[in-house]
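Undergrad: Structure in structure tokens, see below.
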Amino acid sequence: MFLRLTTALATLAIAAPALAQEVNLYSYRQPELLEPLTDAFTEATGIKVNVAFLEKGMVERLKAEGSRSPADLIFTVDVARLAEAVQAGVTQPVDSETLRSNVPAAYHDPDGHWWGLTTRARIVYASKDRVAPDEVTTYEDLADPKWKGRICTRSGTHPYTVALVAAMLHHHGEDDTRAWLEGVKSNLARKPQGNDRAQVKAIWSGECDISLGNTYYMGQMLEDPEQTEWANSVNVLFPVFEGSGTHVNISGVAMTASAPNRDNALKMMEFLTTPTAQQVYAKANYEYPIAPGSEPDELVKSWGSFTADDTNLMTLASLQEAALRLVEEVDFDG
Numbered sequence: 064m065f066l067r068l069t070t071a072l073a074t075l076a077i078a079a080p081a082l083a084q085e086v087n088l089y090s091y092r093q094p095e096l097l098e099p100l101t102d103a104f105t106e107a108t109g110i111k112v113n114v115a116f117l118e119k120g121m122v123e124r125l126k127a128e129g130s131r132s133p134a135d136l137i138f139t140v141d142v143a144r145l146a147e148a149v150q151a152g153v154t155q156p157v158d159s160e161t162l163r164s165n166v167p168a169a170y171h172d173p174d175g176h177w178w179g180l181t182t183r184a185r186i187v188y189a190s191k192d193r194v195a196p197d198e199v200t201t202y203e204d205l206a207d208p209k210w211k212g213r214i215c216t217r218s219g220t221h222p223y224t225v226a227l228v229a230a231m232l233h234h235h236g237e238d239d240t241r242a243w244l245e246g247v248k249s250n251l252a253r254k255p256q257g258n259d260r261a262q263v264k265a266i267w268s269g270e271c272d273i274s275l276g277n278t279y280y281m282g283q284m285l286e287d288p289e290q291t292e293w294a295n296s297v298n299v300l301f302p303v304f305e306g307s308g309t310h311v312n313i314s315g316v317a318m319t320a321s322a323p324n325r326d327n328a329l330k331m332m333e334f335l336t337t338p339t340a341q342q343v344y345a346k347a348n349y350e351y352p353i354a355p356g357s358e359p360d361e362l363v364k365s366w367g368s369f370t371a372d373d374t375n376l377m378t379l380a381s382l383q384e385a386a387l388r389l390v391e392e393v394d395f396d397g
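As structure tokens, then:
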């Protein structure tokens with residue numbers, strides 16, 4: 064019961080009347096992550112799920128389609144992308160007792176425009192041979208000169224990095240965050256480059272000793288025969304902000320402003336936040352479910368536990384522009 068909509072089919076759907084028992088999704092998340100959920104939802108409700116998988120341009124597409132858009136829901140990762148959709152006016156607020164019960168306040172828009180589904184922690188990958196498990200306890204510590212020439216990371220302008228800098232801004236203010244960025248930059252073993260898995264490969268090859276990355280990449284590397292050795296060369300460490308918890312980001316869902324099948328869309332949003340659906344979704348990409356009573360997959364549990372920073376992610380999204388400006392001011396990637 065899983066249908067990939069091509070652009071042509073989506074165009075046809077614009078002109079077609081909405082069907083009573085269907086719901087249409089635009090998704091940045093990959094087919095293999097959504098298919099178990101869409102199948103389960105259809106089996107439970109009889110509502111057919113149509114999915115258009117997009118690599119980019121979701122907001123632009125929704126703005127171009129306007130009120131004629133066939134999309135009911137959008138799926139994406141990173142609070143910055145969710146906030147972008149809200150700011151563009153392509154979403155609508157949703158108020159549901161089920162959603163409010165299942166999604167902690169830190170993980171949904173205060174105005175109800177988007178709702179988190181799973182989280183991932185921004186952690187430190189550390190060499191098993193060259194770094195003791197208790198050597199990295201805070202994000203602030205990454206600016207300590209003891210790490211000079213030992214840190215690898217992806218670009219400072221990447222959304223994952225900008226989100227972490229935004230959290231640092233929230234907790235410490237502009238001057239301290241600028242000093243922290245300069246300190247981390249001075250500790251880099253090489254110019255920022257590549258994705259999170261490339262940093263772990265660099266640790267494995269001896270280029271650096273620690274790197275920043277998302278937790279789910281450990282699971283992805285372990286299932287890839289070419290990358291298993293990289294994964295086995297590092298420990299997963301959960302640093303915290305001084306006085307707070309570990310930085311997390313989310314995958315989330317929002318209802319579009321047009322939503323031709325609004326009732327079905329709401330049913331799907333509520334279904335996705337149930338503990339059972341949460342655990343299926345989280346397991347598919349080695350993430351953390353957020354519904355009360357839900358548990359991570361056993362492999363994810365094996366990496367250790369942490370207390371998440373409880374700052375509302377929309378607060379951090381509001382600091383993204385200032386965070387990016389600081390990254391550019393210190394020429395982090397230079």
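The opening position of the sequence shown corresponds to residue 64 in my numbering, with each subsequent residue numbered one higher.
Ideal placement from N, C-alpha and C gives every residue a C-beta, glycine not left out.
#1: Quick one: is D158 buried, meaning 16 or more other Cβ sit within 10 Å of its Cβ, or exposed?
#2: Tell me the rounded alpha-carbon separation between K191 and F301.
#3: Assuming V140 and S314 make a contact with CB atoms under 8 Å, what is their CB distance in whole Å?
#4: Where do the ends of the alpha helix (DSSP H) carrying R213 lie?
#5: With a cut-off of 8 Å on the beta carbons, I'd call S296 and I266 a contact; round off their distance for me.
#6: Can you name, in chain order, every residue of its own chain whose Cβ lies under 7 Å from the Cβ of T291, other than the five neighbours on each side?
#7: Can you find the residues in the same chain that come closer than 6 Å, C-beta to C-beta, to N327, ignoring five residues on each side of it along the sequence?
#8: In three-state DSSP terms, what is A73?
#9: Looking at E203 and F334, is the spacing between their C-beta atoms short of 9 Å?
#10: Starting from the C-beta of L232, find all residues in its chain whose C-beta is less than 7 Å away, skip the five residues before and the five after it, and write them out in chain order.
#11: Rounding to the nearest angstrom, what Cα-Cα distance links L389 and H171 in this structure?
#12: Going by DSSP, what residue range makes up the beta strand (DSSP E) through L443?
#13: Mapping DSSP to helix, strand and coil, what is I110?
#14: Does at least one heavy atom of the ligand ADP sit under 8 Å from the Cβ of L96?
#15: Any idea which residues DSSP pairs G315 with across the strands?
#16: According to DSSP, is H235 part of a helix, a strand, or is it coil?
TA: Quick look at the numbers:
#1: exposed
#2: 15 Å
#3: 5 Å
#4: No alpha helix (DSSP H) contains R213, which DSSP labels as neither H nor E.
#5: 6 Å
#6: M284 and L285
#7: V86 and I110
#8: Note that A73 scores 38 on pLDDT, short of 50, meaning its location in the model is unreliable; the coordinates nonetheless yield the value given after this. DSSP places A73 in helix when its eight states are reduced to three.
#9: no
#10: T240, L382, A385 and A386
#11: 26 Å
#12: The chain is shown from 64 up to 397; residue 443 falls before or after that span and cannot be answered.
#13: coil
#14: Only the bare structure without any ligand can be found here, which leaves the ligand ADP out of the picture.
#15: T139 and G179
#16: helix
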